[in-house]
Amino acid sequence: MTTTSLIVRAATRILVGLLLVFSFYMLLRGHNEPGGGFIGGLVGATGFILYAIAHGCRAAREALRVEPQSIAMVGLGIALLAGVMAYLFGDAPFTGQWLFLWPDPAAGDKGVPLSNILIFDVGVYLVVLGSVLTLVLTLEEEV
Amino acid sequence: MAESSGRTLGGPAGWISILIPAGLFLWFAQFIPAVAAGEVLLWRFNWVPSLGVSVGMLLDGLSLTFALLITGIGALVTLYSASYLGGHTHYTRFVCYLLAFMAGMLGLVLSDNLLALFVFWEITTISSYLLIGFNADEEKSRRNALQALLVTGTGGLAFLAGIVLIGTAAGTFELSEIEGSLVDHALYLPIFWLVILGAFTKSAQVPFHFWLPNAMAAPTPVSAYLHSATMVKGGVYLLARMNPTLGGSDIWFWTLVIFGGVTAVFASLLAIRQTDIKQVLAYTTLMALGTLVMFIGVGTEAAILGAMTFLLVHSLYKAALFLMIGVVDHGTGTREATVLRGLWRKMPVTMVAAMLAAASMAGLPPLFGFIGKEFLYKASLEGPALFWVTGCAFAASALMFACAGVVAWRPFTGKLAKTPVEAHEGPVAMLAGPLLLAALGLGLGLAPNYAEPLVGPATTAVLGAPYAVDLYLFKEVNVAFILSLLTFAAGLALYAWHVRLRTALAHFKPRFDPGWDGLMGAVAAGSKGLTRTIQTGQLRRYIFVTFASLAVVVGYAIWRGGLALEIPEMQELRAKHWSVLIFIMAGALLTAFTNSRMTAVAALGVVGVGVALIFIMFGAPDVAITQLLVEVLQVVLVAVAMLKLPQLNTERVNRLRAWDLALSIAIGAMITVVLLAVMQAPLDLRLTEFFEATSAPIAFGRNIVNVILVDFRALDTFGEIAVVVIAALGAFALLRGTKGERS
Amino acid sequence: MELFIPLMVGAMVAAAVYLMLARNVLRFLFGLILISNAANLVIFASGGLTPEAPPLVALGETLPPEGVANALPQALVLTAIVIGFGLFAFALVLVYRGYQNLGTLYSDEMRLAEPEEHK
């Protein structure tokens, strides 16, 4: 299913990039503002689907470089690892572990937060992205 | 058979199967002095603490007697089997079943916890099923195995219900903790009948007796072990064990005495009717079980003592006789009483075992059987319902005397008759068991005080009160002794005329077995008919029934609950609410009634966007974004799929389905009412408040929804994304993995 | 305000049930979408409705402002939406594959596993 409209084809090149950047933005800001792995993953998937509509499924797969079902599985693995990680720190699985880099208490800055929670959310992002793309691309190619 | 296989005693499997019970027998034997001194040994560890199931081992006189019988006879039977079946292709399998049964039976008699007891009870049922059906290529074996499983399994379920009620009534599942009697408890009657059902099916009392003779389809060692010495006594064990708790009431007395007595006499009559000597023995086993049940029912001290003595007596001689029949079958190729004659010259050792065991069965002095019978008579003459109990005991004993003659006297005496196989003596391993057991019957008869350390504590355990035992062969000429003499006279007469009696009884065919087949047939036909009625194979029908059931249940709940609903005022609604309300309702209705699929998809989109608007209106931006994105993806997917799918209605007219419509409206209305009620109920916000209070300070996240998703409830989320992956992979496999061939 | 959502949900459920009882499995799918939406709304509404105050904590604060929306049902509904999408997609592929293999969209005619009995 490809569209021949030149405008759509030209516009998608820019739009897809924007959507992908936006999806990362949604993922990263999710802990404090509306967003998160689910929404980010859906936005990212929408971007690639748009690309597939404009340039065809093969082009979308090439742009993706990796099989979407592998993305989903890797995401699931990352989420699991993030959960199991808590064991290493002696907590129950899926307990949050935080590390703040370069804090500056004087300025009221906690520092750059690193956590397994973010890793878990990245896993969710990849699962949603991979699963949705698996569904849509496979169905499109079948038809 | 062992000779032909070239394996000594069945190889390693055989050795192991003999050594385990023999070792256990010795281990249990060390407790005899302690138990005889009146001790009750108790070991315990927790198994399922949440259900109060602990595996406790209770060793008192009753369980020790059973444990010694199980392991002792078990060792002899496995020794016998190693020779009898050692060359069989599936000998190892047989050994596994037999050991599983042994473990189950030991657990059954040793368990202190009733729930654990039930588990072991079922293990014996299942292993019995496997052993009866051991010759699985025979139709009859399979059918009889299934019959035994169903009858005892049904009883087992009743027993389980009884156990649960006992736990409720007594407040504990531990046998050692149940104090006093439950006779006056409100739940006594249901408990009584449920336990009785379990015990009567297991111990094959009339009218559930028919499975036991059929169970003789099993190999002979199994018949000797499970279906005479141990498993079928499980019901007797249960009644004996429950005697202090459930015994002593009128209904207990009459039920046990009447059913036990009827079983004893009825089974003896059926026994004399048989020509297959294994079947004769099977029916005399029924008779023994009936006698035991009857005397436990009588419940006096003397009756329990008699029953416990007889239990030991019967296990010894009956196992010996069954094993002996295996040797005869093996040595001559037949078990027909009409064929077997004059084997004494060819099988002298077998004859010694057979005669000794049969003499014990006939109750002849100086064997242990005589003591057993004397003590039963003594108890029946002193106890209540004197004429019924004594009459039943007398009739059964006399018939048993005749049966002993049929089984052990006639085949060995007289002139040698021609048998299918040239008659020859059995191998040593097969003779050891019957000889030893029969000799024990003689030894305990001559020195009965050696049986006292077992019989005494067993009687004490059943009575629930200490009781001093004195077993003796002969003290004085009394009524019981005269009754014994009369028994011998009657028995001799019956034996003399047994062939004529058998012919006369040939017409006496109780129709229990055909009745069973009829019942099974009716169940099968009934379920087939029911399936055909309910399972039409039409998806719509199933969905309709599901929704209709929902409507009935919820409707009933609304009606009974008497919901006091306040009809809220609509004034608060503003224009934006109204517009969303109208959009969504219109979209839903349009989807339901349009005949164009594109219209339906568009209308669904309207509904989806409307729902997203609601999420935004009520402070849920994350949810709203997700909803919108999913809505877009759904439309893409449907659009792609529709390229290859036909229009909604090509030739069929979309009629209004009145019944479906009525049901839909009913369910919609109910949901409205229920949701109103839910929204008016007070909210428990503790969890939400916890999340609000801890989200920023502890979880370092200011978007509470996302913190819940990836931190507080991350494990749930993990499960949910796993579902998403599985759905995607499933769809992928459906599309790529299968060939799209049209059938 | 309180009657608004229940009425809407009732209408959605009624339409969904009517669709799910149809012969055509495509209509069943439409019913599935509708009833998932309705179910999500039910969960959402059961947690109480609070107009226009998302459950966010302001920067530098430790507690959200008074009267924010209930966060818990939102989290539940969010995952429910995604899972509902997975379910729908799988069902759609099933219908699609079913049509290819059986040549029909009418559930009464899909009798591969339970063929009509000849009496």
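Protein chains in written order, with my numbering: chain Z, 5 to 147; chain W, 668 to 1410; chain B, 1062 to 1180.
Each residue gets a CB set at the ideal place from its N, CA and C atoms; glycine is no exception.
Flag this pair as yes or no: are the beta carbons of residue i and residue j separated by less than 7 Å?
i	j	result
W/G723	W/N780	yes
W/L1342	B/V1078	no
W/Y747	W/S794	no
W/V762	W/A815	no
W/F906	W/A866	It is worth fixing the name first, because residue 906 of chain W is Leu in this sequence and not Phe. Contact: yes.
W/G829	W/I858	yes
W/G1193	W/A1090	no
W/V995	W/V1073	no
W/I1388	Z/V128	yes
W/R1008	W/G1081	yes
W/A1363	B/V1129	no
W/I1375	B/A1114	no
Do we get a CB-CB distance below 7 Å when we pair residue i with the residues of chain W?
i	result
B/L1117	yes
B/E1170	no
B/G1159	no
Z/F28	no
B/S1107	yes
Z/I121	yes
B/G1147	yes
Z/F124	yes
B/L1093	no
Z/F98	yes
Can you find a C-beta in chain Z that's less than 7 Å from the C-beta of residue i?
i	result
W/E1408	Any reading at W/E1408 is ruled out, since the residue's pLDDT is 48, under 50, leaving its predicted position unreliable.
W/F1385	yes
Can you give me the start and stop residues for the alpha helix (DSSP H) that residue i sits inside?
i	result
W/V1415	No statement about residue 1415 of chain W is possible, as the shown extent of chain W runs from 668 to 1410 and does not include it.
W/L1315	Where W/L1315 is concerned, there is no enclosing alpha helix (DSSP H), given that its DSSP letter is neither H nor E.
W/W921	D917 to R940
W/K1243	A1242 to F1260
W/K1045	F1035 to E1049
W/N1370	No alpha helix (DSSP H) holds W/N1370; DSSP gives it neither H nor E.
W/W1055	L1053 to A1071
W/E806	E806 to A837
Specify the secondary structure class of residue i as computed by DSSP and reduced to three states.
i	result
W/E706	coil
W/F638	Since the first residue of chain W shown is 668 and the last is 1410, residue 638 of chain W is not available in this structure.
W/G901	helix
W/R1207	helix
W/D943	strand
W/R711	strand
B/Y1160	helix
Z/L141	helix
W/S684	helix
Please report whether the beta-carbon of residue i lies at a distance below 7 Å from any beta-carbon of chain B.
i	result
W/L864	no
Z/F42	yes
W/D1327	yes
W/L1256	yes
Z/L54	no
Z/L32	no
Z/L141	no
W/L1342	yes
W/P911	no
Go through its chain and collect everything with a Cβ distance to residue i's Cβ below 6 Å, but skip five positions before and after it.
i	result
W/S808	G800, N802 and A884
W/P911	G1131
W/A1071	A1025, M1028 and A1029
Z/S27	G44, V47 and G48
W/F1179	F877
What are the boundary residues of the beta strand (DSSP E) that includes residue i?
i	result
Z/S119	V116 to S119
W/L752	Element bounds for W/L752: n/a, residue is neither H nor E.
Z/W102	W102 to L105
Can you give me the Cβ contacts of residue i inside the same chain, cut-off strictly under 7 Å, excluding the 5 residues immediately before and after it?
i	result
W/K1040	G1030, S1064 and S1151
W/P716	none
Using a C-beta to C-beta distance shorter than 9 Å, which residues of chain A count as neighbours of residue i?
i	result
Z/E37	No chain A is present in this structure, whose protein chains are Z, W and B.
Return the chain-ordered list of same chain residues with a C-beta closer than 8 Å to the C-beta of residue i, the five sequence neighbours on each side being excluded.
i	result
Z/Y91	P97
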